[in-house]
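Visitor: Residue numbers for the sequence shown follow the UniProt record's numbering, beginning at 1 and rising by one. Below are the structure tokens for one structure; questions will follow.
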Amino acid sequence: MGNAECSVQLAQKCDLARDGLASGAASAQNALAASSYSACHACRSTTGLSDKECADVLLVNAAVRGDVEDLQRALELGASVDTTAELTLTMGDLSKGVRPAPTHVTPLMRAAELGHAGAVERLLRSKATAHQCDSKGWNALCYALGSGQICTARMLAEASPTARAGMPASVLAEVLHRCRREAGATRAAELERELAPGGSLAAPAPEQRSQARQSSPARQGAAAPQQRAPVKPKEAALAPLPAG
Numbered sequence: 001m002g003n004a005e006c007s008v009q010l011a012q013k014c015d016l017a018r019d020g021l022a023s024g025a026a027s028a029q030n031a032l033a034a035s036s037y038s039a040c041h042a043c044r045s046t047t048g049l050s051d052k053e054c055a056d057v058l059l060v061n062a063a064v065r066g067d068v069e070d071l072q073r074a075l076e077l078g079a080s081v082d083t084t085a086e087l088t089l090t091m092g093d094l095s096k097g098v099r100p101a102p103t104h105v106t107p108l109m110r111a112a113e114l115g116h117a118g119a120v121e122r123l124l125r126s127k128a129t130a131h132q133c134d135s136k137g138w139n140a141l142c143y144a145l146g147s148g149q150i151c152t153a154r155m156l157a158e159a160s161p162t163a164r165a166g167m168p169a170s171v172l173a174e175v176l177h178r179c180r181r182e183a184g185a186t187r188a189a190e191l192e193r194e195l196a197p198g199g200s201l202a203a204p205a206p207e208q209r210s211q212a213r214q215s216s217p218a219r220q221g222a223a224a225p226q227q228r229a230p231v232k233p234k235e236a237a238l239a240p241l242p243a244g
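Shown next, in the form of structure tokens:
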């Protein structure tokens with residue numbers, strides 16, 4: 001076999017191999033496209049969300065990221081400020097060997113846990129409920145305390161004194177345990193000092209809670225209409241008489 005004939009056969013074999021590779025790549029791409037289309041179609045058919053639900057998901061996502069602009073946009077789109085929408089969809093049985101995560105978690109709880117002070121402030125201004133609890137009895141203040149976010153916890157305690165006053169001792173113990181595990185012993189010790197009497201996060205005394213309720217804007221507004229200026233007798237006597 002001459003060199004020319006060998007070259008021709010080698011070229012033919014290379015062409016066949018190239019065609020085979022191209023055919024295989026095309027088949028792989030087609031299979032991937034078909035798989036992606038099927039997954040997308042299945043997702044759309046099982047998770048058809050309304051505009052309101054999409055806005056809720058956007059709000060939750062913005063709270064986790066601490067994105068105040070997206071928070072505002074979600075609220076303008078009609079999101080519920082206390083929505084308990086989840087970030088992910090549960091597919092299959094993932095509970096084996098895993099402690100179930102709490103449910104009924106609000107955007108305020110998520111932002112507080114991550115220390116997003118700007119997002120917490122924006123949600124509070126939008127009338128987010130600071131004393132609302134999740135499935136294990138934790139409110140937004142508990143989430144901030146459990147992750148060692150002391151500054152955010154002060155903001156929540158000032159906005160809603162009842163969130164701290166109504167915290168059961170068992171929940172407080174869980175919060176301190178989590179803070180020690182998540183944020184370290186030093187931060188947990190600092191938190192214990194702030195929670196002790198005289199600290200910035202100490203539970204308000206009963207008389208302080210009573211004074212806070214009496215001085216609330218709602219009570220002041222309700223008492224305002226009862227304050228009327230007395231009519232002077234002279235002014236009443238000098239009032240003009242009706243004509244004719």
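A virtual CB, placed ideally from N, CA and C, is assigned to each residue, including glycine.
Between which two residues does the alpha helix (DSSP H) harbouring residue 53 extend?
Guide: Position 53 of the sequence shown, counting from 1, holds the residue named residue 53. Element bounds for residue 53: 51-65.
Visitor: Beta-carbon within less than 7 angstroms of residue 223's beta-carbon, same chain only, minus the 5 sequence neighbours each way: which residues are those?
Guide: Translated into positions along the sequence shown, residue 223 becomes position 223. Confidence is the limiting factor: at residue 223 the pLDDT is only 46, short of 50, which leaves the residue's position unreliable and the question unanswerable from this model.
Visitor: For residue 101, which option in 115, 86 and 108 has the closest C-alpha, if you only look at C-alpha atoms?
Guide: Here the question's residue 101 lines up with position 101 in the sequence shown. Residue 86 is the option with its Cα nearest to residue 101.
Visitor: By a C-beta neighbour count over all protein chains shown, 10 Å radius and 16 as the cutoff for buried, is residue 142 buried or exposed?
Guide: By 1-based counting over the sequence shown, the position of residue 142 is 142. Residue 142 is buried by the Cβ-count criterion.
Visitor: Whole angstroms are fine: how far does the CA of residue 202 sit from the CA of residue 196?
Guide: As a working mapping, residue 196 is identified with position 196 in the sequence shown. As a working mapping, residue 202 is identified with position 202 in the sequence shown. Using only the alpha carbons, I get a separation of about 5 angstroms.
Visitor: For residue 49 and residue 61, what's the separation of their Cα atoms in angstroms?
Guide: Counted from its first residue, the sequence shown places residue 49 at position 49. Counted from its first residue, the sequence shown places residue 61 at position 61. Using only the alpha carbons, I get a separation of about 15 angstroms.
Visitor: Is it true that the CB of residue 106 sits closer than 8 angstroms to the CB of residue 132?
Guide: Numbered from its first residue, the sequence shown carries residue 132 at position 132. Numbered from its first residue, the sequence shown carries residue 106 at position 106. Yes, Cβ-Cβ distance for residue 132 and residue 106 is below 8 angstroms.
Visitor: Assign residue 177 to one of two classes, buried (16 or more other C-beta atoms within 10 Å of its C-beta) or exposed (fewer than that).
Guide: The residue labelled residue 177 in the question sits at position 177 within the sequence shown. Residue 177 is exposed by the Cβ-count criterion.
Visitor: What residue does the alpha helix (DSSP H) around residue 179 start on, and which one ends it?
Guide: Taking the first residue of the sequence shown as 1, we reach residue 179 at position 179. Note, residue 179: alpha helix (DSSP H), 169-183.
Visitor: What is the residue span of the alpha helix (DSSP H) that residue 332 lies within?
Guide: As displayed, the chain neither begins before 1 nor continues past 244, which places residue 332 out of reach and without an answer.
Visitor: Based on Cα-Cα distance, which residue from 167, 136, 135 and 112 lies nearest to residue 155?
Guide: Residue numbering aside, residue 155 sits at position 155 when the sequence shown is read from its first letter. For the residues 167, 136, 135 and 112, the minimum Cα distance to residue 155 belongs to 112.
Visitor: Have a look at residue 136 and residue 77 and give me their C-alpha separation to the nearest angstrom.
Guide: On the sequence shown, residue 136 is found 136 positions in, with the first residue counted as 1. On the sequence shown, residue 77 is found 77 positions in, with the first residue counted as 1. Cα to Cα, the separation comes out at about 30 angstroms.
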